[in-house]
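Contents: one structure, followed by commentary.
Protein chains in written order, with my numbering: chain U, 1 to 325; chain F, 326 to 650; chain W, 651 to 975; chain X, 976 to 1300.
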């Protein structure tokens, strides 16, 4: 099957590679001509511009955008809206907000173009392990492109089957799922990332407490100098916190036990914020997911203004003068 | 009435002054002889050591400790346990943990010495405004020392009366209250401080959001450059957030609108931690009081180890390299 | 001065009354004719419909909307947009989202109509105490209507002056403030309510811990049966948590010490959510304000689905079967 | 090798079984004679009382306690302290607080008895999958009993090795680890459970948001009726939230998609509380772990008193009357 890919960054390039390994064809474009050449040299058809790209695709076309969310993705959706034809499918595999999917699907449907929103998880490991995909939008388009998704997904692998799944969607066990109407794919991916934030923060706080039990203010007979790398490792075997995130933590700690290589400045990519906004719209208390987001906000500041307000109140009430140094 | 005071820091000295202004007598001691001389020059009887101090008191004696909580207070409780006699009263007016009060009251009772734990709020303003006192321990001792507490308390002042208080304790309206058995006074004071932490943090976060709405990433037509000092001031009149803490914030912002004088390093004095421990023992969810405490913990670190763990996971999963600059 | 008021609910009617007490004239309208008659009998000019209402006003007109935020307010903004003339002023005194103000101000400016957004705090006490007003929008309109705002505001009263306010806006000390361009008034009011949520939750958690220290699982020698009404009362005198919210708590506890009259189902009015959304847009960690919001969400459910997910995981991992009864 | 086991509940019995499968010998005791007979019929040596139990063990003895933490475990520690001899080893494999381990180790050392605290994770799956063990205390005792721990641990299995582990403890890769001096094992296990709470809550909140996006208040074009069982399943393949806890969630949702079988009343077993106490002692902000604990506290109440305080304040300020029905 043929797929057109726009955006050959880390994710886009590896998606193309994994498709080609499975025997599919790819037409590729990126504003970085070197990126196009690189993938073309591995067997893809490189395009020099968007018109050239569309011309190289056979109708009904399938075009996958793998671009930074926001203006870049939006501009390419609009560019494709003008170039694709009725019956073609446009896929946004990036991290768009699901509200944008709803709007785009309506806009493109008016021209007969089908739209799929695909939340794609896999990181730098996707090429080897496969991509977990959460898909929303036009159902017939999804069905037609099933071979593409199947090739990208991890497949069953040696992961033990879940019991009681009779009558449920077998594709979920392959690692891809049609979730529902336009936006459903990105909605599910957004919540996935929200959960990811929360799990990461849970692990991070735990290791913080493990580490600080060595500090001098702790009474000596219960002060421990723990080997964090070994602890992460032991938890990978038979413990209920075993998880991919723990695997990654174990690797990082084995390489650099004090994590001195890392500043501790933590970005957030949008989905964490949107998850909290969705929780608020639904009136769902989401304490942990929100706390995880705020920990990242806090990590990027020397001091918050709130902290200065606290210091100021303490000074005014109790005459406390506080300072680090 | 006569009161002995040990500890002539900011709080202890002003308590003595307020008592003397009301016509009471004070015998005072502090390890800092200069502090003793200063108060003695204002009319108190200065003591040169603890034996001298006890000798200057008339039985039944009343001794108030106003010392840093922890080992210093404990040592003086034990020193008084050896020097006081049956019928005397020992008052801990500092910020001891209520568990310590329970233990001490039992220990002293075995020798016939009465014990009162007094949570004392007032800060640097107590001399003029009076002290709000939450009192636990031996009830007869409390009743006997009522004139002392009455003199220290703010009194009704011009604060409007609360309705429906028929049959309730009239002393609460004076600003002091017998709360219950040993430890009850410090327990109530501890919760008071826990609430203080939460209210402070609420105000602080609000001003943080007010301030950051001026930042460049906010769309220009809803970016505001707000005058925080004026906002704090306007809220003091007729708004439901009006409070002493807001008054203090208004003062601080009027003097220094950017709070540039403050580092934003915020200590915690113990009661905030103990409040959370009490909540956990009682299985009461205390999200806000705990978050307020953690904000202070966080304010004292450049980066938490947790943040480095997050960075490390992000690097391992997505190849993200994060740094401040 | 003359003001037109649309919306004669609790807030609108009392605003009119306070204006009339100060010698101003009011033209009033409400879809409830009885509400119009009531205020008309107190001296206002009642209108039978919106056209009649506008006809009774003298140019340059000033129309204040005091309506439920959302569709009702929006419909009346649009109705006024069609009926008012260049030079007139439309005031939204309700709790609109500041984004709506920005949009409306632009729309009305195109027709020469001035727009003010006024965040109004005061509750059922506003008639007597006055209203704290945070004002955004057209500055000349604000200056022209100064007598109206001055009459509604609480004034200085006997609240002690804040030091160091030389050069700052004297109107803040009267209880009203021009905050900035369109939306600034409602933005500041929104944050005010966010802080209110946080302060309320801090007080509420504190009393929860005070109350549960009486429960049977607490060791007997540190189990206290505290009088919460007296504790609230004593904190009103000289304590740093003294605040209007504490005054209200003291009243409620004096009337009904167990609060058995209250179900504990707590609504949220919108501003709490918007405050969190603003925090997220600005990347400000707002732990306490958010936790206060979530506590309200949680209060309205028997059990969250999240809790069932927890139970399910525990059952699957450890065979735990959990049930209330 | 021979091990004595006291406590034949779910965990203790399966530990004995797993040991016997590996060719070790077991002497067992439980106050429930039927439980003793059952394991005896599978090949263990059953004891009728503690003296009989000790008599059946060959010196240097190794006794494992697998009992409810708290008084039951403590009583058996003391009973063994009286019956064991110098050179014997007492193992607490339950969930004791690490402070108790420190105290016990000192007490037993005075009599020459060695003490090991073993945090044991595995739940109902341990018999088949093996137990992840975190071990503190007497190092020579640990080394001597290595064959026991090795038999109980999961072993490497087919879990991919972590890179860069040269020079680190190879036993961690088998699923057991000597963590440090007395208490270190239970400390690490405690943090493990704290992290578990946080990860569980992250997953639970995520599914709560997924489920509530179907509710009627959400605009129809972005309201989704998601299949939660399929979503849990798809995330098991290639997604970064893949974890054992997610596996369990997927099973539970496949069996009972609405989780109607579960009340949502969630107990906490102690370690979650102790983790927060440790965080507070170390001044580590642990927002997520604490929020997860509080969610459990809240799940066990119809309404908190805090919620009633909120309702009362709202009534007093705004005249709001709130009720569920």
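Yeah, the Cβ is synthetic: ideal placement off N, Cα and C, and Gly gets one too. Here the structure is a predicted model, which is why all the values come from computation and not from measurement.
* **residue 735 of chain W (DSSP reduced to helix, strand or coil)** => coil
* Report back the beta-carbon spacing between residue 656 of chain W and residue 516 of chain F to the nearest angstrom; my notes put them in contact at under 8 Å. => Between residue 516 of chain F and residue 656 of chain W the Cβ distance is about 46 Å, and since that is not below 8 Å, they are no contact.
* Give every residue of the same chain whose Cβ lies closer than 7 Å to the Cβ of residue 96 of chain U, excluding the five residues on either side of it in the sequence, and list them in chain order. => 69, 73, 117 and 186
* Let me know if residue 91 of chain U comes out buried or exposed under the rule of 16 or more other beta-carbons within 10 Å of its beta-carbon. => buried
* The beta strand (DSSP E) enclosing residue 1176 of chain X, as first and last residue numbers -> Run containing residue 1176 of chain X: none in the beta strand (DSSP E); it sits in the alpha helix (DSSP H), 1159-1187.
* For the alpha helix (DSSP H) that residue 600 of chain F lies in, which residues bound it at each end? -> 596-607
* Asked: At a Cβ threshold of 8 Å, is residue 622 of chain F touching chain U?
  -> no
* Asked: What is the DSSP secondary structure of residue 1214 of chain X, counted as helix, strand or coil?
  -> coil
* **Alpha-carbon spacing of residue 606 of chain F relative to residue 1275 of chain X, whole angstroms** => 15 Å
* Using a C-beta cutoff of 8 Å, does residue 190 of chain U count as contacting chain F? -> no
* **Contacts of residue 849 of chain W in chain F (Cβ-Cβ under 8 Å)** => 523, 524, 527, 528, 566 and 568
* Asked: Would you say residue 230 of chain U and residue 983 of chain X are within 8 Å of each other, going by their C-beta atoms?
  -> no
* How should residue 366 of chain F be labelled, buried or exposed, when 16 other C-beta atoms within 10 angstroms of its C-beta is the threshold for buried? -> exposed
* For residue 638 of chain F, return the contacting residues in chain U, with the cut-off set at a CB-CB distance below 8 Å. => 200, 203, 204, 245, 248, 249 and 252
* Asked: Are there three or more Cβ pairs, one per stretch, closer than 8 Å when the segment 1102-1111 of chain X is compared with the segment 233-250 of chain U?
  -> yes
* Per DSSP, what kind of secondary structure is residue 880 of chain W in: helix, strand or coil? -> helix
* Asked: Would you report the Cα separation of residue 396 of chain U and residue 109 of chain U, rounded to the nearest angstrom?
  -> This structure cannot speak to residue 396 of chain U, because chain U is shown only from 1 to 325.
* Asked: residue 424 of chain F versus chain U: which residues are under 7 Å apart at the beta carbon?
  -> Near residue 424 of chain F there are no residues of chain U at all, since even the closest Cβ is about 17 Å away, more than 7 Å.
* Asked: So with Cβ pairs under 8 Å, would you call residue 1102 of chain X a contact of chain W?
  -> no
* What three-state label does DSSP hand residue 359 of chain U in the structure shown? -> Here chain U has residues from 1 to 325 only, and residue 359 of chain U is not among them.
* **N-terminal and C-terminal residue of the alpha helix (DSSP H) that residue 748 of chain W is part of** => 748-759
* Asked: Are the beta-carbon atoms belonging to residue 1247 of chain X and residue 1267 of chain X less than 8 Å from one another?
  -> yes
* Asked: CB residue 1237 of chain X to CB residue 961 of chain W, shorter than 8 Å?
  -> yes
* Segment contact flag, the segment 17-24 of chain U with the segment 150-168 of chain U, C-beta cutoff 8 Å, min 3 pairs -> yes
* **Residue-chain proximity (residue 1269 of chain X, chain F), Cβ-Cβ < 8 Å** => yes
* Taking Cβ to Cβ, would you say residue 786 of chain W is nearer than 8 Å to residue 744 of chain W? -> no
* Asked: Hey, would you say residue 1052 of chain X sits closer than 8 Å to residue 1040 of chain X, going by beta carbons?
  -> yes
* Residues near residue 1173 of chain X in its chain [Cβ-Cβ closer than 6 Å; skip 5 each side] -> 1263, 1264 and 1267
* First through last residue of the beta strand (DSSP E) which encompasses residue 1109 of chain X -> 1107-1112
* Can you pull the chain U residues whose beta carbon is under 7 Å from the beta carbon of residue 967 of chain W, in chain order? => 240
* To do: Would you list the residues sitting across from residue 1003 of chain X in a DSSP beta bridge?
  => X:980 and X:1021
* Asked: Buried or exposed: residue 634 of chain F, going by 16 or more other Cβ atoms within 10 Å of its Cβ?
  -> buried
* Can you name, in chain order, every residue of its own chain whose Cβ lies under 8 Å from the Cβ of residue 1082 of chain X, other than the five neighbours on each side? -> 1056
* Applying the criterion that 16 or more other CB atoms from any shown protein chain within 10 Å of the CB defines a buried residue, is residue 121 of chain U buried or exposed? -> buried
* Is the CB of residue 938 of chain W under 8 Å away from at least one CB in chain F? -> yes
* **Same chain, Cβ closer than 6 Å to residue 876 of chain W, five either side skipped, listed in chain order** => 860
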